[in-house]
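Going down the list, the sequences are from chains R and G.
The opening residue of the first sequence carries number 48 in the working numbering; numbering runs sequentially from there.
The opening residue of the second sequence carries number 3 in the working numbering; numbering runs sequentially from there.
Notes for the one structure printed next.
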Amino acid sequence: MSKLLTVSPSPHNYGKDTIKSLMYGVLIALIPTLLVSLYFFGIGALIVIITSVLSAVVFEYLITKYILKASPDIIDGSAVITGLLLAFNLPSNLPVWIVIIGALVAIGIGKMTFGGLGNNPFNPALVGRVFLLVSFPVQMTTWPAPIQSRLQYLDAVTGATPLGVVKEGLRNGEQVSELVKQIPSNMQMFIGNVGGSLGEVAGLAIVLGLIWLLYKKVITWHIPISMLGTIFIVSGVFWLINPEKYMNPVFHIISGGALLGAVFMATDYVTSPMTAKGQLIFGIGIGFLTVMIRLFGAYPEGVSFAILIMNAFVPIINLYVKPKRFGEVIKNG
Amino acid sequence: MLKTFSKGGVHPPENKLSAIQTIEQLALPKMVSIPISQHIGAPASPIVKKNDTVKVGQLIAKSSGFVSANIHSSVSGKVIKIDSVVDSSGYKKQSIIIDVEGDEWFEEIDRTPELKKEIDLSSEEIIKKVGESGIVGLGGATFPSQVKLSVPRGMKAEILIINGVECEPYLTSDHRLMLEKGDELLVGTQILMKALNVDKAIIGIENNKPDAIEHLTKLTKQYQGISVEALKVKYPQGGEKQLIKAITGREVPSGGLPIAVGAVVHNVGTAFAVYEAVQKNKPLFERVVTVTGKSVKRPSNFMVRIGTPVADLIEAAGGLPEDTGKVISGGPMMGRALSTIDTPVTKGTSGILIIPEGESRRGKIYDCIRCAKCVSVCPMGLEPYLLMKVTEMQNYERAEHERTMDCIECGSCSYICPSNRPLLDYIRLGKVEVGRIIRTRKV
């Protein structure tokens, strides 16, 4: 009876969730979007996605090993997600070297400068994307037309996104009722066939991912629903005021990066608040800022900026928004 | 819709391997070591000395304060020595070591199996009897029961809640007791109701024990004022505050006692012990202990004399498995890992769980990825990630401000964390420091 026993404080059993399992949960949720982007944008999508994912993984490996001098843990899947999300935020005709720069900024500046997974204040993929947008505005805003540019890469036929068409048209004094004839219907946009970034092509695929993430309890409903709900309500108010000057709320939800942002970007664990209440505030803030930028800003699309701005508010939200404590004594007066 | 508590909680695999095993009387040990501190509060003071002969049920150590408990001999025989023995906390505790000779019971104990329903004692007499019999909370907290029955002046108990939740995975001792000693524990419940002067008692049972719910529901028809409430399975529903919330919807205020919302909670094991003490004059010297684990040959429920070495129980359940890594006193969520299986069974030992080597070590710790799962599972509405961080930084003032003292140490946060962070370890450390600060402030 001299067997040496292991002794440690409780608990003695652990849940099944690991960083790896949660990250793979996100990757599985990204599959429908991946497939539709390949379907609509073909060879260009393939090149951009492979370049982005590979360079994100390689940069994370190199930085961890040679700069942080730690043992690289690439298999946790987070670099793959960053690379994939970055690719989903890029047009399919973007030259390889620009994609590589984007991945370097996303991983190098967005994530590893702060100490790696868990410590970055801003969503790394969006840091990369916004860096490219302000550095290469022309390449980042020429959008290949879906399906017809399947077999082309750099020489793809390009066109404006619906949000771009609307922004440009309204600026030139056109009416909404004329503009809607130039863009696909809401239903068409939802099932695909719309110019834009790789991941924005079909809302339906993103919704499938959302259902999976909620079912697997990888994320909760708070951020996506509050963000989309706010976009719907705020854009809806403007639409009710003047339907000839402002697009309808459904358009605002399914066009551009609203769905992609709400489901995959704003819900990033590391850069979103810790309490349910805080997540609601965060989602509402993103929704509000998105609509403001779309309606009154210089850019046709504002999801990336809105998320990054709200990322900056996360520490202060965590400081002031507390969960309701059990047995909280309500002080009178 | 079944009731449950509203905030947080987790669903660890239940693994109730021994649920169908009837309670067996464990053979008498050759020797027992009975620690004089098996309860919360002051250790009892021994009243026997070396070479004294004792009988089963004889008082051997006296309660030494308001919050303390009497200790009785669980065997008959000769006191060999009073020495320090390692108990489940891992520390050495003063213990009375008795060499077992025969099985001679104290004459006053009624050993007949007949159910005795009439309650002759008055409220005060019951409380006194419970104190004399050395009864403590048998759910694991081991708080002296007579203290819980003495309602402070100016407060009034409205409802008695009997805790049959047994939310810890693996453990089945309360489950078996409800099935096999249903009438006794219902009479025990009536005795507790009389002591507290309440006319309503609810037995809370999670609905993973449908047989116990059905059995007790049927029996309660003959007992005025007692009913059974089936609860939705969720850990830590057996926590006192969570159970009160689940059943009454009331929240015990932070830092307050259950009586502040008119509730008193006792475990089913305690209710049974109260029956035996009051109706059969039998002090607390034995209890039901589950012996279980995935590689245990014969998962069992034993009626065990206090002071029996854990090794004897493991032997009776088929021996210590080859692949043993950890031996836990209690359940996997809140139990204590034993450093040796020579540790004696005490009043608070609800189970012995043997965990294989492969599941005994914690995983590698990663950085917090801020997934917020610890916040969402905390049944007290705390932020475990933050409490760990401020404790690491030794910012105890902030830890107190963030209500670290509210933590009930259920372990849900450490259980759920995908980064294997030792959240509860740090929170415990912080609580010790904050507790010290609060005490010095009062002086």
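Quick reminder that beta carbons are idealized off the backbone N, C-alpha and C, glycines included.
Bear in mind the structure is a predicted one, so any value in this text is a computation, not a measurement.
Can you give the beta carbon distance from residue i to residue j, rounded, assuming they're within the 8 Å contact cut?
{"i": "residue 305(R)", "j": "residue 277(R)", "result": "Residue 305(R) to residue 277(R), Cβ: 11 Å. No contact."}
{"i": "residue 487(G)", "j": "residue 293(G)", "result": "Chain G is shown only over 3 to 445; residue 487(G) falls outside these bounds and no answer can be derived."}
{"i": "residue 28(G)", "j": "residue 315(G)", "result": "7 Å"}
{"i": "residue 151(G)", "j": "residue 206(G)", "result": "With 8 Å as the limit, residue 151(G) and residue 206(G) do not qualify as a contact, their Cβ atoms being about 19 Å apart."}
{"i": "residue 70(R)", "j": "residue 110(R)", "result": "Going by Cβ atoms, the distance from residue 70(R) to residue 110(R) rounds to 18 Å, so no, they are not a contact pair."}
{"i": "residue 128(G)", "j": "residue 280(G)", "result": "6 Å"}
{"i": "residue 134(R)", "j": "residue 154(R)", "result": "The pair is not a contact, with the Cβ atoms about 13 Å apart (cut-off 8 Å)."}
{"i": "residue 352(R)", "j": "residue 197(R)", "result": "Contact flag wrong, Cβ pair sits at about 31 Å."}
Can you tell me the Cα-Cα spacing of residue i and residue j, whole angstroms?
{"i": "residue 300(R)", "j": "residue 183(R)", "result": "26 Å"}
{"i": "residue 268(R)", "j": "residue 175(R)", "result": "26 Å"}
{"i": "residue 329(R)", "j": "residue 412(G)", "result": "30 Å"}
{"i": "residue 69(G)", "j": "residue 44(G)", "result": "6 Å"}
{"i": "residue 393(G)", "j": "residue 404(G)", "result": "11 Å"}
{"i": "residue 310(R)", "j": "residue 256(R)", "result": "8 Å"}
{"i": "residue 379(R)", "j": "residue 87(G)", "result": "Residue placement at residue 379(R) is poorly supported in this model, since its pLDDT is 43, which falls under 50; the coordinates still yield a value, given next. So the two alpha carbons sit approximately 51 Å from each other."}
{"i": "residue 93(R)", "j": "residue 139(R)", "result": "8 Å"}
{"i": "residue 230(G)", "j": "residue 417(G)", "result": "30 Å"}
{"i": "residue 119(R)", "j": "residue 75(G)", "result": "60 Å"}
{"i": "residue 97(G)", "j": "residue 91(G)", "result": "14 Å"}
{"i": "residue 331(G)", "j": "residue 268(G)", "result": "20 Å"}
{"i": "residue 235(R)", "j": "residue 321(R)", "result": "36 Å"}
{"i": "residue 2(G)", "j": "residue 131(G)", "result": "Missing from the structure shown is residue 2(G); chain G here goes from 3 to 445 and no further."}
{"i": "residue 148(G)", "j": "residue 104(G)", "result": "32 Å"}
{"i": "residue 122(G)", "j": "residue 242(G)", "result": "30 Å"}
{"i": "residue 220(G)", "j": "residue 430(G)", "result": "43 Å"}
{"i": "residue 386(G)", "j": "residue 73(R)", "result": "24 Å"}
{"i": "residue 232(G)", "j": "residue 249(R)", "result": "47 Å"}
Step through the CB atoms of chain R and report whether any lies within less than 7 Å of the CB of residue i.
{"i": "residue 405(G)", "result": "yes"}
{"i": "residue 18(G)", "result": "no"}
{"i": "residue 369(G)", "result": "yes"}
{"i": "residue 437(G)", "result": "no"}
{"i": "residue 290(G)", "result": "no"}
{"i": "residue 323(G)", "result": "no"}
{"i": "residue 253(G)", "result": "yes"}
{"i": "residue 395(G)", "result": "no"}
{"i": "residue 392(G)", "result": "no"}
{"i": "residue 470(G)", "result": "Residue 470(G) lies beyond the stretch modelled for chain G, which goes from 3 to 445, so this question has no answer here."}
{"i": "residue 9(G)", "result": "yes"}
{"i": "residue 201(G)", "result": "no"}
{"i": "residue 386(G)", "result": "no"}
{"i": "residue 149(G)", "result": "no"}
{"i": "residue 14(G)", "result": "yes"}
{"i": "residue 42(G)", "result": "no"}
{"i": "residue 277(G)", "result": "no"}
{"i": "residue 413(G)", "result": "yes"}
{"i": "residue 248(G)", "result": "no"}
At a Cβ threshold of 7 Å, is residue i touching chain G?
{"i": "residue 378(R)", "result": "For residue 378(R), the pLDDT reaches just 48, beneath the cut-off of 50, and the residue's location in the model is therefore unreliable, leaving the point undetermined."}
{"i": "residue 316(R)", "result": "yes"}
{"i": "residue 322(R)", "result": "yes"}
{"i": "residue 269(R)", "result": "no"}
Among the options, which residue has its Cα nearest to the Cα of residue i?
{"i": "residue 2(G)", "options": "389(G), 257(G), 234(G)", "result": "Given a span of 3 to 445 for chain G in the structure shown, any question on residue 2(G) remains unanswerable."}
{"i": "residue 181(G)", "options": "198(G), 102(G), 222(G), 286(G)", "result": "222(G)"}
{"i": "residue 31(G)", "options": "401(G), 410(G), 440(G), 309(G)", "result": "309(G)"}
{"i": "residue 245(R)", "options": "169(R), 215(R), 95(R), 180(R)", "result": "95(R)"}
{"i": "residue 372(R)", "options": "156(G), 408(G), 354(G)", "result": "408(G)"}
{"i": "residue 7(G)", "options": "360(G), 345(G), 250(G)", "result": "250(G)"}
{"i": "residue 190(R)", "options": "323(R), 351(R), 91(R)", "result": "91(R)"}
{"i": "residue 55(G)", "options": "106(G), 64(G), 190(G)", "result": "106(G)"}
{"i": "residue 210(G)", "options": "186(G), 228(G), 184(G), 172(G)", "result": "172(G)"}
{"i": "residue 283(R)", "options": "308(R), 334(R), 226(R), 250(R)", "result": "334(R)"}
{"i": "residue 423(G)", "options": "381(G), 334(G), 373(G), 359(G)", "result": "373(G)"}
Using the beta-carbon of each residue, which ones in chain C are nearer than 7 Å to residue i?
{"i": "residue 327(G)", "result": "Although the question refers to chain C, the structure presented lacks it and instead comprises the protein chains R and G."}
Contacting positions in the segment 166-178 of chain R - beta carbon closer than 9 Å to chain G: 166
Where the segment 50-73 of chain R meets chain G: residues whose CB sits under 8 Å from a CB there: 50, 52, 53, 54, 55, 56, 57, 58, 59, 60, 61, 62, 64, 65, 66, 68, 69
Short-range partners of chain G found in the segment 355-375 of chain R, where Cβ spacing is below 7 Å: 370, 371, 372, 373, 374, 375
Residues of the segment 347-377 of chain G whose Cβ lies closer than 9 Å to any Cβ of chain R, in chain order: 355, 357, 359, 361, 362, 363, 364, 365, 368, 369, 370, 371, 372, 373, 374, 375, 376, 377
Residues of the segment 147-165 of chain R whose Cβ lies closer than 8 Å to any Cβ of chain G, in chain order: 162, 163, 164, 165
Where the segment 93-120 of chain G meets chain R: residues whose CB sits under 7 Å from a CB there: none
Near-chain R residues of the segment 215-244 of chain G - C-beta to any C-beta below 9 Å: 243, 244
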